Structure formats: structure tokens, C-alpha cells
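Note that the protein sequences, when read in sequence, are chains A and B.
The opening residue of the first sequence carries number 276 in the working numbering; numbering runs sequentially from there.
The opening residue of the second sequence carries number 2 in the working numbering; numbering runs sequentially from there.
Even glycine gets a Cβ: it sits at the ideal position worked out from N, Cα and C.
This structure is a prediction, so every number in the text was calculated from the model and none was measured.
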Amino acid sequence: MPSDGPMLEVSEMAFSYSDEGTLKNIDFEIMPGEFVALMGPNGSGKTTMMRCINKIHKPSSGKIEIDSEDIMELSMGEIARICTTVPADTAVDFSLSVRDYVALGRSPFIKTIWWEDEKDEELVNDAMWRMGIAHYANRRLHELSSGERARVLLAKGLVQTPKVILVDEPSAHLDIKFKVQIMEILRNLSRQGLTVLIASHDINLLTRFCDRILLLSKGHILKYGSPEEVVTEESIQEVFDIRVKVVVEEGTVYVLPTGSTRFGVDGPLN
Amino acid sequence: MTDDETRLREEVMGKNVGIRAIRRRSTLIIIAGIIVILVMYVYSLTMGSYPVSFQESFHQMIEIITTGGNPEEMSGKVIFHLRMPRSLLVIMVGAGLAVAGAVMQALIHNPLVDPYVTGVSSGASFAVILISLTGVVATSLASVWIVPVAAVIGAVLAFILTMTVAESAGGKAMSYVLGGTIIGMGLSAGTTLILSTNAEDMHRITDWMFGSFANTSWEEAILCTVCISIILIIIMIYARKLNMMLLGEDQARYLGLDARRFKRNMLILVAVLTAFCVAFCGVIGFVGLIVPHLCRMVIGGDNRVLLPTSIVVGSVVLLVADVFCKSFTVGELPIGAIISVIGVPFFIYLMVKEGKRYAL
């Protein structure tokens, strides 16, 4: 049942590992079918934020709602049925075939002790087909390239028939073509109604494909809005501590690093 | 749709792949396994110092079952009192160790892990040595039971120690490996010290430590069978959740499984299972480490197929080794050593043949 409200709503959320505040004053919402990026330097809290949304971490205060349901009221299994997390990569041992791996995405839905049913099977086949990995179905996971494996991970996410899909660094070790491919797949999925939240360091891909960007700095939200609003020379410089040039060409924002770090020409190693 | 696409669709989604195929494979393995184990069981009854033919032993087994355990002929008595309980125990221990190994490797995510990694075998040995120091083993009438009871208690205590250390170090899989290794080393050192200072009285105990199925009684075999079967059934029920653990704890949690609790419960189950496996026949290596790898190489990593296969292969491998031990006329050989002698060349062959396809 499509609701008019936001698909994901985070209000006044804070989380800390110890005394140190890791995330504070987190307030944002994502509408159904939106493709939103989490942008920020290492340690700014991107992964922690995702782990709060899928309830691996419990926020110390505030509220997270997925499709108007408070996640603290939901069990891990119930969350797994509405929200899927796609990891950057997966362990490739234990001789699992691509089909075995994708089928594991149905786990939260299986009622019997052991076996998936015909409907699960159909979803698995369909997801493999859509991700273009059907012809690898019976290969073992470690025989695939990184780009193919990234699509296997996405297929496993899809068979979870989620409303929200969280993607953590999907393209970290992919070449430029596969990076674009993953972003295109995610954008298509969001156009079909799926709400996508992606964490990545590929600023230029995020600005090109995402609807909105959430810029995180030291555990709080610095800016949240369209790529043009968020990605400016000042904001990037403030958050990432490096001078950049921002170019807008045919409506797309591009960021070029022009400054240098303390290891530059006058740095300590020279 | 083009011809190519139709062919691909058939290849990928046809009748011979997917869940139906896996179910069929699993059922086939269970049925074939039961038949193979039964045949091997009857065959193992023919071996020993008193010669019995295969037909004879089959016939005697039927008679034992129909008369409720009162065979008249000599061969029937030998089979009923000496060989049937022994081979039953061998089957259960083989199955138990193989499954314990498969589960352990899945939980710990490490190929070099066997069921003994959490210190259970060292704990069992240490407890048996300790109890034999008191002298009750040689004198008491109840001595048949003292060794296994001490072994189970020692194994479980050692695991509790390991679990305490591992959980307070964060409860990661690697904490269990490290904790178990250290606890095991400490206990083994204790065993060595006691052994070296009391070398004379320890013959019975060293027999136990090398692993032996000689002199198995019906009571021992039945007790073991019941306990091991119950634990095996519980583990099999969780085969699908065990598959989720193959992805690592994080991804298992993304799928809604409380991975940490599940892992801890499974480890406890495996520790108790292993304790019963070593209680009556001592510490037998190889089966728990190699059989799961062997099965995984051939049939893949899905635990719904892997666990039944491990049960079949584990019990058959141990039965073959035990038959081999029995067939030597000059005293019995230690089964642990025999099984490695048979298993190592076969495993090397498989490793060379399947190694490239197999990643673990």
C-alpha cells in the first residue's frame, strides 16, 4: 500500500559507541522512490547511520521510522522484510553458488524449516535475470569478477522485496564502467518505486545520479538537498578539508580536487 | 525471445537446477546414505578374529532382531555381544564428528577448524587423566562409566571456560578459536605433566587417548546413539539458518538472524555433541576436519545437502577404518592413525582435482 508520507524518517536521532558522540541531531526524511546519497569523509558516520537504520545499532535517543513504523517496535526479521542492506563485498568461501547466495535473500520470508517454495524460486530467478547474472547461476561465487559479484549482491537484496535498500560502498573496488553500471541499476530501481540510500566516496557519481545528497560532517548533517545545493566549493572544502573546483555542466555537478594535502610539494616527505 | 535466450532460460530455470534439484539431491543422499550405511554395517559385522560370512551375519542380524537379542549359534553371540554395539558406536561417532566439523567451519569461517578447536578434546583428556590418578578406574566396578562421564564433564567444562574467555573478549568467531586454542594448550600441558610423572598406570588411559572402539558394550552404544541422534536432529533443523551464517555475522543480521546468539547456541550444541563423540572411544582426529571439506568439494556448501552428506560419509569412513583396525591379527591398531593413513592420499587426490574450483 503506497503511503503519501516519507518512506524513511529519522528524527532527533543520536548514537554513540562510548562517551564520544558518533551521530548527533540527525533529522531527515526520504520520500518513496527517492535515490539519496550519504556523503562524507571516512569516520563521518555513514556506515554507523546505516547500521542504526537496520537496527544493528540501537540509537541512544530519537526515532527512526520506515514506512511510518517505528523500527524499535519491529523485530530483526520484520526489518529484514522491509529494508535490505547490500554490503560492499561478501566472503566468497564455502563453495556457495550464485543461486544459493541469491536465494539466501529469501530467508526472512521462509516459513518452513528448510526449503524455499515456488514463489521464492521465481523471485530468485527473476532477480538473477534482471541483474544479468542468470547465466552464472550455477557458478560458484569466487569464480566471478568483482563487477559480476556486485550484481549478485544486489540480486540478493532484490529478492528480499524491500521498500528501502541501503547500499554501502557498492563500487569501492570496481572499474569506472561497473561503477556507472551499479549507479544506473540503483537509479532504475528507485524509479520503479524503491527507496535507495547509498553511501559512497564517488562524489561525481553521486551528484550525477542521486536525487538528493545528505552531507555528513563529524556525526551531524551539514547539508541536505539537491546536488547543486549541497555540493559547493565551500561545503566540500569544509567537510573534506581539501580545496576543490566545482563545475556544472549540462545540469550535472562535477567536483575536481585542485588543492593538496599536507603531503603535497612542501610536505614532510619532500 | 531468441533461441539463445530460450536455451539459457531452460538451463538456468529448468527442472534440473534450483530448489527442486537441491531437494532431490538431498533426498537422494539421505536414501542412498541409509542403504550404504546398512550394507557397511552388516559387512563390518563379518570382520574380526572369529570369521563370519556376509550372508551369515545378515541372517544372524535378522534373527537377533526377531528373537529380541537371543541368538543360539556362536556366530550370533559374537555378533550380538561384541560387534553390533561396536559398529553402532562407530557409525554414530563418525556422523557426529563430521557434522560437528562442518558446523564449526561454518560458524568460525575458518578451514582449519575442527570440532576440537574450542578445547573440548583437551578438556576430556585432562579430566580422564585426573580421574585415573585417583585410582578408581582400575578398582571400581563402575569403572566402565567413570571414564566417559569424566570425559563429558571435562569437555563441557573446557568449553565453558573457552566461552567465558571468548565472550568477554568480544564474542567474535576468532575469539573462540584463540580462546579455545589457549585453553586446550593449557589442559594438554597438564595432561602431559601428569602422564610423565605417572607413566606406569596409564596404559588404559593412553588407549583411550589414541581412540579405540574395542570392548564397546550395548549400554554405551545405545546411550551414545540416543544423545548423538538428538543433537544431530536439532542441528539439521537449523541447517538453513546455518547457511545464513556462511555470509558472515553482519550479513546474517541483515537477513534478520540474531547471529551472535545463534552462533553461541550452535557452539554449545557442537561442544556437547563432540563431548559424546569422544566420551567412549577417545579423541579421533581427521574425521571432523577433513570429511566436511571432502563433502563440500563434491556437493557444494548448502548445509541442507552438506549435513546429510557429512553424516553418511563420516560414518562410512569411520566404519571402513574400524574394519581395517579389526582385521589385523596382531592386536588392534589405533583407529585415529588408520583413518589418517587411508584418508590423506584420497584427500590429496581430491584437492588436486577440485582445488581450483574450491575456495575456502
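Bridge partners - residue i, DSSP secondary structure assignment
i, result
"A/Val439", "A/Cys358 and A/Thr470"
"A/Ala289", "A/Ser336"
"A/Leu490", "A/Met314 and A/Lys498"
"A/Leu283", "A/Ile305 and A/Ile341"
"A/Ser372", "A/Arg415"
"A/Thr527", "A/Glu524"
"B/Pro72", "The partner list for B/Pro72 (beta bridge, DSSP) is empty, contrary to what the question assumes."
"A/Pro532", "A/Val519"
Among the options, nearest to residue i - alpha-carbon criterion
i, options, result
"B/Val363", "B/Ile20, B/Ile340, B/Leu29 and B/Gly172", "There is simply no residue 363 of chain B to check, as chain B begins at 2 and stops at 361 in what is shown."
"B/Ile269", "B/Leu108, B/Tyr51 and B/Leu308", "B/Leu108"
"B/Arg26", "B/Leu307, B/Ile312 and B/Phe55", "B/Leu307"
"A/Val361", "A/Ile473, A/Ser492, A/Arg483 and A/Thr536", "A/Ile473"
"A/Leu491", "A/His476, A/Val514 and A/Cys485", "A/Val514"
"B/Val166", "B/Gly120, B/Leu196, B/Pro149 and B/Met75", "B/Gly120"
"B/Ile132", "B/Asn111, B/Asn199 and B/Cys326", "B/Asn199"
"B/Thr310", "B/Val324, B/Cys326, B/Val292 and B/Lys327", "B/Val292"
"A/Met314", "A/Arg487, A/Val540 and A/Glu509", "A/Arg487"
"B/Ala174", "B/Leu233, B/Asn111 and B/Arg305", "B/Asn111"
"B/Ala159", "B/Ile183, B/Gly172, B/Trp146 and B/Leu295", "B/Ile183"
"B/Gly289", "B/Ala22, B/Ala280 and B/Val100", "B/Val100"
"A/Ala289", "A/Val521, A/Ser510 and A/Arg326", "A/Arg326"
"A/Ile341", "A/Ser420, A/Ala430 and A/Glu284", "A/Glu284"
"A/Val427", "A/Thr365, A/His448, A/Ile478 and A/Glu393", "A/Thr365"
"A/Thr507", "A/Met458, A/Val521, A/Glu396 and A/Asp516", "A/Val521"
"A/Glu615", "B/Ile20, B/Tyr239 and B/Gln252", "For residue 615 of chain A there is no data in the structure shown, the boundaries of chain A being 276 and 545."
"B/Ala240", "B/Met267, B/Ala156 and B/Ala22", "B/Met267"
"A/Gln456", "A/Pro437, A/Leu481 and A/Val434", "A/Leu481"
"B/His1", "B/Ser50, B/Glu74 and B/Tyr51", "Residue coverage of chain B in this structure runs from 2 to 361, which leaves residue 1 of chain B outside it and unanswerable."
"B/Gly34", "B/Phe325, B/Val313 and B/Ile336", "B/Val313"
"B/Pro116", "B/Phe347, B/Ile336 and B/Cys278", "B/Cys278"
"B/Ala315", "B/Phe347, B/Gly185 and B/Phe287", "The residue you asked about is not Ala; residue 315 of chain B is Gly in the sequence shown. Taking only the C-alpha atoms, the option nearest B/Gly315 is B/Phe287."
"A/Ala363", "A/Ser421, A/Ala312, A/Met406 and A/Pro307", "A/Ser421"
"A/Pro281", "A/Leu298, A/Pro307, A/Tyr292 and A/Glu287", "A/Pro307"
"A/Arg462", "A/Ser535, A/Phe484 and A/Phe453", "A/Phe484"
Cβ-heavy atom distance, residue i to the ligand MN, below 8 Å
i, result
"B/Gly344", "Ligands displayed in this structure: none; no statement on the ligand MN is therefore possible."
Contacts of residue i in chain E (Cβ-Cβ under 8 Å)
i, result
"A/Ser421", "This model lacks chain E altogether; the protein chains it does include are A and B."
Runs of beta strand (DSSP E) lying entirely within the segment 299–365 of chain A, each at least 3 residues, in chain order
Runs of the beta strand (DSSP E) lying entirely within the segment 299–365 of chain A, each at least 3 residues long, are 310–314, 336–341 and 358–361 in chain order.
Which residues, taken in chain order from the segment 435–467 of chain A, show a beta carbon closer than 7 Å to some beta carbon of chain B?
For the segment 435–467 of chain A, there are no residues whose beta carbon sits under 7 Å from a beta carbon of chain B.
Which ranges does the beta strand (DSSP E) cover as unbroken runs of at least 3 residues, wholly within the segment 274–344 of chain B, from first to last along the chain?
Runs of the beta strand (DSSP E) lying entirely within the segment 274–344 of chain B and spanning at least 3 residues: none are present.
Is the segment 297–309 of chain B touching the segment 369–381 of chain A, taking contact as three or more C-beta pairs under 8 Å?
Contact holds: three or more Cβ-Cβ distances are below 8 Å.
Is it true that the segment 86–102 of chain B meets the segment 316–324 of chain B, where meeting means three or more beta-carbon pairs spaced less than 8 Å apart?
Taking 8 Å as the limit for Cβ pairs, the verdict is that the segment 316–324 of chain B does touch the segment 86–102 of chain B.
So does the segment 347–361 of chain A actually touch the segment 522–539 of chain A, counting three or more Cβ pairs closer than 8 Å?
They do not touch, by the three-pair rule.
Scan the segment 292–322 of chain B for residues whose Cβ lies nearer than 8 Å to a Cβ of chain A and list them as they occur along the chain.
Those would be Arg297, Met298, Gly301, Gly302, Asp303 and Arg305, in chain order.
What residues from the segment 268–279 of chain B come within 7 Å of chain A, judged by C-beta to C-beta, listed N to C?
Result list empty, no residue passes.
Give, in chain order, every residue of the segment 319–331 of chain A whose Cβ lies closer than 7 Å to some Cβ of chain B.
Those residues of the segment 319–331 of chain A that come within reach of chain B (Cβ to Cβ, closer than 7 Å) are Asn329 and Ile331.
Select from the segment 219–248 of chain B all residues with a C-beta closer than 7 Å to any C-beta belonging to chain A, and list them in chain order.
Among the residues of the segment 219–248 of chain B, those with a Cβ less than 7 Å away from any Cβ of chain A are Ile238, Ala240, Arg241, Asn244, Met245, Leu247 and Leu248, in the order of the chain.
Output the residue ranges of the alpha helix (DSSP H) runs that lie fully inside the segment 137–181 of chain B and measure 4 residues or longer, sorted by chain position.
Taking only runs of at least 4 residues, the alpha helix (DSSP H) segments lying wholly in the segment 137–181 of chain B are 137–140 and 144–169.
When the Cβ atoms of the segment 439–449 of chain A are set against those of the segment 462–472 of chain A, are three or more pairs found closer than 8 Å?
Inter-segment contact for the segment 439–449 of chain A and the segment 462–472 of chain A is present: three or more beta-carbon pairs are separated by less than 8 Å.
Give a yes or no on contact between the segment 71–88 of chain B and the segment 39–49 of chain B, applying the rule of three or more CB pairs nearer than 8 Å.
Contact between the segment 71–88 of chain B and the segment 39–49 of chain B is present, because at least three Cβ pairs lie under 8 Å.
Any 3 or more C-beta pairs closer than 8 Å across the segment 147–156 of chain B and the segment 121–130 of chain B:
Contact check between the segment 147–156 of chain B and the segment 121–130 of chain B: three or more CB pairs, one atom from each, fall below 8 Å, which counts as touching.
Check whether the segment 185–192 of chain B touches the segment 237–245 of chain B, counting contact only when three or more Cβ pairs, one atom from each stretch, lie closer than 8 Å.
With the cut-off at 8 Å, the segment 185–192 of chain B and the segment 237–245 of chain B do not touch.
Just by C-beta distance, which residues in the segment 252–263 of chain B are closer than 8 Å to chain A?
The segment 252–263 of chain B vs chain A, Cβ under 8 Å: Gln252, Arg254, Tyr255, Leu256, Gly257, Leu258 and Asp259.
Determine, using beta-carbon pairs with one atom in the segment 482–497 of chain A and one in the segment 331–342 of chain A, whether at least three such pairs fall under 8 Å.
Result no; under three Cβ-Cβ pairs closer than 8 Å.
Residues in the segment 362–378 of chain A having any Cβ partner in chain B nearer than 9 Å:
Residues of the segment 362–378 of chain A with a C-beta atom less than 9 Å from some C-beta of chain B are Pro362, Thr365, Ala366, Val367, Asp368, Phe369, Ser370, Leu371, Ser372, Arg374, Asp375, Tyr376 and Ala378, listed in chain order.
Starting from the N-terminal side, write out each stretch of the alpha helix (DSSP H) that is 4 residues or longer and does not extend beyond the segment 15–100 of chain B.
Scanning the segment 15–100 of chain B from its first residue to its last, the whole alpha helix (DSSP H) runs of 4-plus residues come out as 19–47, 55–68 and 75–79.
So if I threshold CB-CB distances at 7 Å, which residues from the segment 404–416 of chain A count as touching chain B?
Going along the segment 404–416 of chain A in chain order, one finds Ala409, His410, Ala412, Asn413 and Arg415 with a Cβ nearer than 7 Å to chain B.
Quick one: any contact between the segment 383–402 of chain A and the segment 453–470 of chain A, if contact means 3 or more CB pairs under 8 Å?
No: fewer than three Cβ pairs fall under 8 Å.
Would you call the segment 396–411 of chain A and the segment 374–385 of chain A in contact, with 3 or more CB pairs under 8 Å?
In this structure the segment 396–411 of chain A lies against the segment 374–385 of chain A, because at least three pairs of beta carbons, one per stretch, are closer than 8 Å.
Between the segment 206–219 of chain B and the segment 67–87 of chain B, do three or more beta carbon pairs fall short of 8 Å?
Yes: the two stretches touch, three or more of their Cβ pairs being nearer than 8 Å.
What residues from the segment 22–38 of chain B come within 9 Å of chain A, judged by C-beta to C-beta, listed N to C?
Cβ contacts with chain A come from Ile23, Arg24 and Ser27.
Against chain A: residues of the segment 105–133 of chain B by CB proximity under 9 Å:
Those residues of the segment 105–133 of chain B that come within reach of chain A (Cβ to Cβ, closer than 9 Å) are Gln106, Ala107, His110 and Pro112.
Members of the segment 167–183 of chain B that neighbour chain A once the beta carbon cut-off is set at 9 Å
Hits within the stretch: zero.
What are the residues in the segment 297–318 of chain A lying within 9 Å of chain B by C-beta distance?
Residues of the segment 297–318 of chain A with a C-beta less than 9 Å from any C-beta of chain B: none at all.
Cβ-based contacts, 7 Å cut-off: residues of the segment 71–102 of chain B near chain A:
Taking 7 Å as the Cβ-Cβ cut-off, the segment 71–102 of chain B has no residue approaching chain A.
Proximal residues, the segment 341–361 of chain A versus chain B, C-beta separation under 8 Å
Cβ proximity to chain B below 8 Å picks out Ser350, Met351, Gly352, Glu353, Ile354, Ala355, Arg356, Thr359 and Thr360 from the segment 341–361 of chain A.
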